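Numbering (this note's numbering), first residue to last: 239 to 405.
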């Protein structure tokens, strides 16, 4: 029987004749969770319209079941606590992102001047890949509007924007 490895932790998978090669993970709960996450992401990628207009259906259901959310939250205080903390973290991340973006937007002229002054970066050389590497560095953060401005400020024939998803 062919030995295979778990794609998440790289442990060898033990063979089981009842499974007949269908085993995907080592069985560790973290690996199973990662597989479930990947399978769900692949399913959502294959079915992008599935959740469209779902809010309308939910609104209709909530009208037919008045007071459901209040009763659920009263009966599940742990859910309320976890949701409140998760919302606080989302708010903090959004504020931090906006602060960083505002700071970089304010520094954009200085950043582009520095790019032109770097000794290893010959802006006049049309074949130089360095501005593309710098653009890639900026696109690895969710600051695409900054990436566009920097890309426009560097006069290269080959300079193209790089999508945040890579590729």
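We put the CB at the ideal spot given by N, CA and C, even for glycine.
Remember, predicted model here, so these are calculated numbers, not experimental data.
Following the DSSP letters along the chain, one finds residue 250 in no alpha helix (DSSP H), marked with neither H nor E. Residue 265 and residue 242 have their C-alpha atoms spaced approximately 13 Å apart.
DSSP places residue 262 outside both helix and strand once states are collapsed to three, so it counts as coil.
Contact between the segment 266 to 286 and the segment 245 to 254 is present: three or more C-beta pairs spanning the two stretches fall below 8 Å. Restricted to the segment 280 to 355, the alpha helix (DSSP H) segments that are unbroken, complete and at least 4 residues in length are 292 to 302, 306 to 313 and 315 to 355, listed in chain order.
Listed as beta-bridge partners of residue 243 by DSSP are 250.
Taking 8 Å as the cut-off, the beta carbon of residue 318 is found no closer than this to the beta carbon of residue 326. Here the C-alpha atom of residue 314 lies approximately 30 Å from the C-alpha atom of residue 281. By the neighbour-count criterion, in which a residue is buried when 16 or more other Cβ atoms sit within 10 angstroms of its Cβ, residue 252 is exposed.
For residue 275, the secondary structure class from DSSP, reduced to helix, strand or coil, is helix. Within the same chain, and ignoring the five residues on either side of residue 301 in sequence, no residue has its Cβ closer than 6 Å to its Cβ.
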